[in-house]
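Right, one structure below, let's go through it.
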Amino acid sequence: MKLIVDADACPKNALQICISLGKKYAVPVWTVASFNHNIVSDHHVIVDSDSQAADIKVVNLTEAGDIVVTQDWGLAAMVLGKPAYCLSPVGREYRVDTIEFLMEEREVKAKLRRSGSRTKGPSKRTGNDDQNFETILRQILERTLPLKEKP
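Under my numbering, think of the first position of the sequence shown as 1, with each following residue one higher.
Here's what the structure looks like:
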């Protein structure tokens, strides 16, 4: 098992939580980002700045049972098909039974933007988001790691 972070848009606090829990649970943390970002991690993969380069690399690195952190719903849908676990940097676990709704919502918002309307972006990150993210990531690690590997 590995923890893969779509680091192009991952908040620094969430990335630090991933690294910290990765060490605690002995799960390697892989980060993927374009060369425009300065990311420090043990397993960092640099991709070019094409719009989908990081997403494609994350999908290619992901194997069944891995955990992926991303705020991209399309990437989350592909990861869930691996099958792997996936959560957002605010601690929302993406699930097979709810991802279709998110994809439909994404399409509706894209149509609105193409027609000239504006859609609301994400809320400003709070300390509560960090706590929620850490809690959900820890829960996923606890339920997926074999008993002998848990700290």
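For each residue, glycine too, the CB sits at the ideal point set by N, CA and C.
Could you check the C-alpha separation between residue i and residue j for me, to the nearest Å?
i: Leu145; j: Tyr85; result: 12 angstroms
i: Lys148; j: Met1; result: Since pLDDT at Lys148 reaches only 45, below the 50 mark, its modelled position is unreliable, and the value read off the structure follows with that caveat. Approximately 14 angstroms, taken between the alpha carbons.
i: Ile19; j: Arg114; result: 38 angstroms
i: Asn68; j: Lys120; result: The displayed chain sequence assigns Val, not Asn, to residue 68. If I take the Cα positions, the gap works out to 25 angstroms.
i: Val45; j: Arg125; result: 26 angstroms
i: Pro11; j: Asn128; result: 14 angstroms
i: Glu134; j: Ser41; result: 18 angstroms
i: Arg118; j: Gln139; result: 36 angstroms
i: Ala110; j: Ile56; result: 21 angstroms
i: Gln52; j: Val108; result: 20 angstroms
i: Ser154; j: Arg143; result: Any answer about residue 154 is impossible in this case: the structure gives the chain only from 1 up to 151.
Which residues in the same chain as residue i place their Cβ atom closer than 7 angstroms to its Cβ, once the five residues preceding and following it in sequence are excluded?
i: Asp8; result: Ala33, Ser34, His37 and Ala54
i: Leu80; result: Cys86, Tyr94, Val96 and Ile99
i: Gly22; result: Leu3, Pro28 and Val29
i: Ile39; result: Ala7, Thr31 and Ala33
i: Ala64; result: Lys82, Pro83 and Ala84
i: Asp72; result: Asp6 and Asp55
Does the beta-carbon distance from residue i to residue j come in below 8 angstroms?
i: Pro83; j: Ala14; result: no
i: Thr31; j: His43; result: yes
i: Ile4; j: Asp66; result: yes
i: Ala59; j: Thr70; result: The identity of residue 59 in the sequence shown is Val, whereas the question assumes Ala. No, these two residues do not count as a Cβ contact at 8 angstroms.
i: Asn132; j: Gly91; result: yes
i: Leu112; j: Ile17; result: no
Skipping 5 residues on each side, what residues in its chain have a beta carbon closer than 6 angstroms to that of residue i?
i: Leu141; result: Tyr25
According to DSSP, is residue i helix, strand or coil?
i: Val79; result: helix
i: Val90; result: coil
i: Ala26; result: coil
i: Leu141; result: helix
i: Ala110; result: helix
i: Thr126; result: coil
i: Asp6; result: strand
i: Ala33; result: strand
Whose C-beta lies closer than 8 angstroms to the C-beta of residue i among residues of the same chain, with five residues either side of it excluded?
i: Asp48; result: Ser34 and Phe35
Alpha helix (DSSP H) runs wholly inside the segment 35 to 71, at least 4 long, in chain order: 53 to 61
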